[in-house]
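First to last, the protein sequences are chains Z, H and U.
Quick note on this note's numbering: the first sequence kicks off at 1 and runs consecutively.
Quick note on this note's numbering: the second sequence kicks off at 1 and runs consecutively.
Quick note on this note's numbering: the third sequence kicks off at 1 and runs consecutively.
Quick reminder that beta carbons are idealized off the backbone N, C-alpha and C, glycines included.
Please read these numbers as outputs of a predicted model, since none were measured by experiment.
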Amino acid sequence: MRTLRDFTSDSAHWVKEQTKVDKGATLLSVEEMSLAYDSDAGRISALSSVSFDLKAGRTMALVGESGSGKSSVAKALMGLLGSNASLKGRAKLLGTDLLSLPEEQHVQFRGRDIGIVFQDPFTSLNPGMRVGQQIAEPLIWHYGADPEEAMRRTVAALAAMGMPDPEQVATAYPHQLSGGMQQRALIAGALICDPKLLILDEPTTALDVTVEARILELLEQTRNDRNLSMLFITHNLGVVNRIADDVCVLYAGEVIEIGPKDKVLGNPSHPYTRGLLASLPLLRGERRRIAPIPGGFPDLRTRPSGCIFADRCPFAEADCTSTRQSLRALRPGHEVRCWKSESTGAWPEVKRKGTRARPVASDTPILEARGLRKVYHRRVPGGGVTWEWKAGILPLPTLQTEALAAVDGIDLRLERGEILGIVGESGSGKSSFGRTILQLNGAYSGQVLFNNGDVTNLTEAELTDLRSKTQMVFQNPDSSLNPRRRVGEAIARAMRLHDKVGGGTREDVERLIERVGLPQGYYDRYPSQLSGGEKQRIGIARALATGPEFIVCDEPVSGLDVSVQATILNLLEELRDELGLSYVFISHDLAVVGHLSDRVAVMYAGRIVEIGQASQVQAPPFHPYTEVLLESAPDPRPSAVRRENKLQMRGDTVSRSPAGCAFAARCPRKIGTICEETAPPLRTFDGGHTIACHISPDDLVRSPQYPESEKDRTSDSQ
Amino acid sequence: MLGVLIALSLLAPFIIPYDPVALDITSRLQPPSTAHWLGTDEYGRDVLSRILMGGKLSLGLGFAATAVSLLLGVPLGLWAGYRGGRYEELILRGCDVLMSFPPIMLGLLILAVTPPAMWKLIIAVGIVYVPATVRLTRAVTLEIVSEEFILAARVRGERNSYILLKEILPNAMAPIVVEASLRVTFAILLGAALSFIGLGAQPPSSDWGLMISEARPLLDSAPWIALAPGFAMGLTVIAVNLLGDGLRATFDPKLRRHN
Amino acid sequence: MSIYILRRLMGITGVLVVISMLVFAITQIMPGDVANVLAGQFADDATIAAIEERLGLKDPFYVQYFNWAVSALQGDFGESMVMEQPVSPMIAEAFGRSLVLAFFAFILVVIFGIGIGVWSAVRRDKPTDHALSMFSYLGISVPEFFWGIVCVLLFARLLGWLPSGGAGNLSEDGLLGWSAHLVLPVLTLTFTLVAHVSRLTRSSMIEALDSQYVLNARAKGLPERHIVRGHALRNALLPSITVLAIDVGWLLGNIVVVEAVFSYPGLGRLLLFAIERHDLPLIQAGILVIALVYCLANLAADLLYAFLNPKIRYGQL
């Protein structure tokens, strides 16, 4: 076993007695890796002849949608595939083939030469063990470090991950840390033995964008400091743009395009890559119609003889389905698995069906919220006890409850035919707001008017009219349909209940199913027989079945792959135009919200900090929080500006300051104690653009980062 | 296998070779033979016939008691899980109290106050398993209530009764049925134990627990009288257990943790 | 943490109060007028009235309950109607004997139940696992009184190694004779419960071994042995604690049956005797004592659980 030479030194940067890898030399070479799983449904081919090289000190992004096999690559390299997997090919890490290593030797590599960070920080740490102990373990097992020394290094590693109080974190249990902190601890653990290769499997997918941005920055810095090589697995092209040097695009287990990031993202060659990029709504982009990839994922039990993407490709011709495609170099280092990629044009655009005027403020808004406030009480362990006399005899201890205002004083108007986007991170209260205005959240204070009629705190019996005219589209396609009911019957039930769209006959329902873009014959299916996108369409059809005027869309696309997300967004837009619907569209993704909405409200800790036209919110003047969000949001365009000294929030959990500005405690541009003590004034700009901030309007306009802001502002406001 | 056992029990009155309660002094305590496959007891009653008839009692008790616990427990559990608040608190505290008695004790307490009878045994055993049923139903209901399709039903203005019966119950049934099938075996065992200590079925009934109890003094001379019903019971319970495991595997592999 | 303990203590107290009411109420509706039973068949009305007066049977029931509860709290459960001597010492003596049985059985259940469960989880789907699960199937499928009888037949009658029933006396029979009387009842008690505990331990252990944090531990290159002991076992044992507490209930119930099988003069037999003779004070005291033990076992389990579970022990930072 190799040993650590200067293990006892106090330096955090210690040198291993090991083969030194020069920058630029090939560290990992994956050759012809094929993988199949045996399942009840038959043998599924997950990877087919995957090859790529990873050079020392570089970051390779492995990109693909769900089912592309990207995570299987990581598990294969780590030797963590289940017993039902059969693996072929080679993966040489500095000359050692990892795929043919017997388990006893593979164990030696894991954690010491290769570190890995998994997607979900909340379940990856052992809940019963102190964080520091879990990070220190590999040092003890791989190098025989004594526990004290290992713990010292652990604290140093936590500090290197930007933890403010590493000693305290080391002795904490996982549940005491926030998600971002847990993920940092996991990265520290993966790096503790100073591995040459770090594999990151969707490490930021479960986190908020602002936390994600900081983790990505940290990773980049760590890589530069240590000459580390990273294999970064993700579905998010924006994240790829931020972190990767090279990109390898996987589709259905095949590498379909590989090359330097600027080339693959800036000048995508394979139709699939182009389609992916065309499906993405872009921040601050012109409002274009996004163009989804038609069709669905192929059945991986039998691979087609021709191109795997042929049946979804708009450029496909007869030769594509008959000849097997092989990777072909377009230029040095940029290869594509398409024989005609030079001759195909741009991804076909989808024409917008007609245009419509932007709705203007009127006296008859469809919905109005006045001073809406919804408070939850939660029992806090350790919060204190009061003794209450119950039933006149027994003194019983009652835990003091902590009041949490999920929605903390919101005034909003929604015009008929308008789409109002609400954007915010987890804990911002955006979902609570959506449910409260639909009278689903129990009693609240403030007032809600629907069609100028007061519906505040009515009983269920008095709400019949509201129940038919308002509907909701949900986030999770797997949970939004009753698994024991045929989808047609679910829609028919909603129709019959209010009897407005049709009588709920089979024809009525099938007409509606067709309207949301599904073929005939879906009436008798159960939800488990549908894909995620299809379930979401049925969810939309069910919402339309009561004949609504107003729909709350609560993160309707966040559970979907990029290409499916695009089709759903287009559908929602079409329905709005056609049926004159109004939406409150809730999402954590500023680009998606900005793409679809007429107006956008930015929420933080239960309050709206900024509201305005979609283009106004994405351009200065900004509320500091909006600015942080925009800075953090990953953008897939290689040309996107990357600023040094980005604005960053302090801490990574929502903290509330009831008296002053909601964002005061974390604001990077806080101007003084006034922020915490006094509620911020509303600064109004052109066209109803409003920002709640103590910073003077002039200073807000003079946002230091965007010198061209004046020009943007004038061109955007109408 | 369970099918065969149930069939045998149901058909018992028609296929048994001898009257299970007829006394025959001339053939007392005979070891197993071709005439009496499992021998006879001290009153000359045919053991095989008694076991077959006992099977009906045991299985009947198991299923009936489970039905009692479902009838009481499922509605309470649904209500507690769906409404929450005071109702939930009240129902759960009630369960706590019932669960604070060891299972047999609760049966004892109920049976101790009145002379034993079969229907009381069924109700007693059923009540013993009500708290467990309530808790399971409530846990499953809580999980389903958090699903978005329940919210969807509320958004379109469905009544509570519709949501409970049409949206929640069909989805809660699978785990409840699986659990109930295992409950049947516990009920059979508990019923037998109560009969064994003399608080369940009364002579001359051919309940298995009672048969074993009655055969104890004769263990030296005629062990088959005690062993046969024991084996019969083991066989039955294993069959029901296998059925339960099968149901569990079909319905929900995640269910393991509810047990 | 202290609040958690406090809440549990209050909860247990409440439950005990309700249980005592329930026990009292049920025994009150038992058929057969107590005074009639005491006075005998041929007593005249005056005698019965006198007895009723003496026992306070004419008082409203809540006064009766209050009087009974107050003296019960002082350890006085009144006098047995049939034996005509104070209940408490009788109960204490029988309870001591039962406790010995329960204690040894419980220790064995903990050791073997958890051991077998963990072992078969680690060897999942291998022959060892299948053999052990066959064994546990038998355990949960055959009633303990039948095992008891089989044991008696095998070890006492056929082999003659051990006594078939009764209890030994430590001073007369010596340690060996005393423990010889315990072996069969304890074994019988243990068998069913080991099966139950090991099945549940196995499934929670398998859940832990399949978890993401164990995958993460494997990815760190830790040896499998350490992953099983250091990572999986710790979390898998938490649910086992609750299961063991529930099994104390089974144990207490089974003791009644097992004592009947082996004619072991413990609390269970005393209780059965009392039920047969409608001896009210004895029934009340016996059931209350058993419920108390069960509640305390659950309390102990809750506290142990809280102590071992960092999520309860240390709240949010």
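What are the boundary residues of the alpha helix (DSSP H) that includes residue i?
i: Z:P260; result: Element bounds for Z:P260: not the alpha helix (DSSP H) but the beta strand (DSSP E), 254 to 260.
i: H:S49; result: 47 to 83
i: U:C151; result: 144 to 151
i: Z:R747; result: Because chain Z spans 1 through 718 in this model, residue 747 of chain Z falls outside it and cannot be assessed.
i: H:M118; result: 118 to 128
i: Z:T565; result: The amino acid at residue 565 of chain Z is misidentified as Thr; the sequence shows Gln. It spans 562 to 579 - the alpha helix (DSSP H) in which Z:Q565 sits, taken as one unbroken run.
i: Z:E610; result: Not the alpha helix (DSSP H): Z:E610 falls in the beta strand (DSSP E), residues 607 to 613.
Does the distance from the CB of residue i to the CB of residue j come in under 7 Å?
i: H:S100; j: U:I19; result: yes
i: U:M205; j: U:V118; result: yes
i: Z:L28; j: Z:L197; result: yes
i: U:S120; j: U:R202; result: yes
i: H:Y82; j: H:L164; result: yes
i: Z:E32; j: Z:S49; result: yes
i: H:P102; j: U:G14; result: no
i: U:L292; j: U:I241; result: no
i: Z:M78; j: Z:I140; result: no
i: U:P185; j: U:V289; result: no
i: Z:G434; j: Z:I586; result: yes
i: Z:G612; j: Z:G429; result: no
i: U:V109; j: U:L193; result: yes
i: Z:R312; j: Z:Q325; result: no
i: H:A80; j: H:R156; result: no
i: Z:I751; j: Z:V473; result: No information on residue 751 of chain Z is available, as it lies outside the stretch 1 to 718 that chain Z covers here.
Could you tell me which of the options sits nearest to residue i, measuring between CA atoms?
i: Z:R542; options: H:L98, H:P131, H:V134, H:E148; result: H:E148
i: Z:R515; options: Z:V487, Z:P483, Z:E574, Z:K469; result: Z:E574
i: Z:G238; options: Z:G82, Z:V562, Z:F52; result: Z:V562
i: Z:V423; options: Z:G95, Z:T626, Z:S68; result: Z:T626
i: H:W208; options: H:A232, H:T250, H:V97, H:N160; result: H:A232
i: Z:Y376; options: Z:T436, Z:H270, Z:P527, Z:S66; result: Z:T436
i: Z:Q616; options: Z:D598, Z:R607, Z:G606; result: Z:D598
i: U:R313; options: Z:H175, Z:V407, Z:L414; result: Z:H175
i: H:G107; options: H:L210, H:G234, H:M173, H:L190; result: H:L190
i: Z:D165; options: Z:D146, Z:E149, Z:A185, Z:E148; result: Z:A185
i: U:A232; options: U:D247, U:R218, U:L222, U:V214; result: U:V214
i: H:L151; options: Z:L630, Z:K670, Z:R702, Z:Q475; result: Z:Q475
Where do the ends of the beta strand (DSSP E) carrying residue i lie?
i: Z:F450; result: 445 to 450
i: Z:Y37; result: 26 to 39
i: Z:V117; result: 114 to 117
i: Z:E335; result: 334 to 336
i: H:I163; result: Unbroken run through H:I163: none, as it is neither H nor E.
Could one say the Cβ of residue i lies closer than 7 Å to chain C's Cβ atoms, at least one of them?
i: Z:W339; result: Absent here is chain C; the protein component of the structure consists of chains Z, H and U.
(request) Taking only beta carbons into account, state which residues of the region 160 to 186 of chain H come closer than 7 Å to chain Z, listed in chain order. (result) For the region 160 to 186 of chain H, the set of residues with a beta-carbon nearer than 7 Å to any beta-carbon of chain Z comprises E167, P170, N171, in chain order.
(request) Report yes or no: do three or more beta-carbon pairs, one from the region 113 to 129 of chain Z and one from the region 147 to 156 of chain Z, lie closer than 8 Å? (result) In short, these stretches do not touch, since the Cβ pair count stays below three.
(message) Which residues of the region 212 to 243 of chain H have a Cβ closer than 7 Å to any Cβ of chain U? Give them in chain order.
(response) Result list: I212, R216, L219, D220, P223, A226, G230, M233, G234, V237, I238, N241.
(request) Please determine if the region 133 to 153 of chain Z and the region 206 to 222 of chain Z are in contact, where contact requires at least 3 C-beta pairs separated by less than 8 Å. (result) Of all C-beta pairs linking the region 133 to 153 of chain Z to the region 206 to 222 of chain Z, fewer than three are shorter than 8 Å, placing the two stretches out of contact.
(message) Would you call the region 218 to 235 of chain U in contact with the region 133 to 141 of chain U, where contact means no fewer than 3 C-beta pairs closer than 8 Å?
(response) Contact between the region 218 to 235 of chain U and the region 133 to 141 of chain U is not established, with fewer than three Cβ pairs separated by less than 8 Å.
(message) Three Cβ pairs or more, each shorter than 8 Å: is that satisfied between the region 299 to 316 of chain Z and the region 568 to 583 of chain Z?
(response) In this structure the region 299 to 316 of chain Z does not lie against the region 568 to 583 of chain Z, because fewer than three pairs of beta carbons, one per stretch, are closer than 8 Å.
(message) For the region 90 to 105 of chain H, list every residue whose C-beta sits within 7 Å of some C-beta in chain U, in sequence order.
(response) Residues of the region 90 to 105 of chain H whose Cβ lies closer than 7 Å to any Cβ of chain U, in chain order: D96, V97, S100, F101, P102, P103, I104, M105.
(request) Kindly confirm or deny that the region 226 to 241 of chain Z and the region 52 to 68 of chain Z touch, where touching means at least three C-beta pairs closer than 8 Å. (result) The region 226 to 241 of chain Z makes contact with the region 52 to 68 of chain Z; the number of CB pairs closer than 8 Å reaches 3 or more.
(message) Closer than 9 Å between beta carbons: that is the criterion. Which residues of the region 209 to 231 of chain U meet it against chain Z?
(response) Those would be S211, Q212, Y213, V214, L215, N216, A217, R218, A219, K220, G221, L222, P223, E224, H226, G230, H231, in chain order.
(request) Report the residues of the region 186 to 201 of chain H with a CB closer than 8 Å to any CB of chain U, ordered along the chain. (result) So the list reads L189, A192, A193, F196, I197, G198, L199, given in the order they occur along the chain.
(message) Pairs of beta-carbons, one from the region 218 to 226 of chain H and one from the region 265 to 280 of chain U, closer than 8 Å: are there three or more?
(response) Judged by Cβ distances under 8 Å, the region 218 to 226 of chain H makes no contact with the region 265 to 280 of chain U, as fewer than three pairs qualify.
(request) Could you tell me whether the region 259 to 267 of chain Z touches the region 90 to 99 of chain Z, where touching means 3 or more Cβ pairs closer than 8 Å? (result) The region 259 to 267 of chain Z and the region 90 to 99 of chain Z do not touch, with fewer than 3 CB-CB distances between them shorter than 8 Å.
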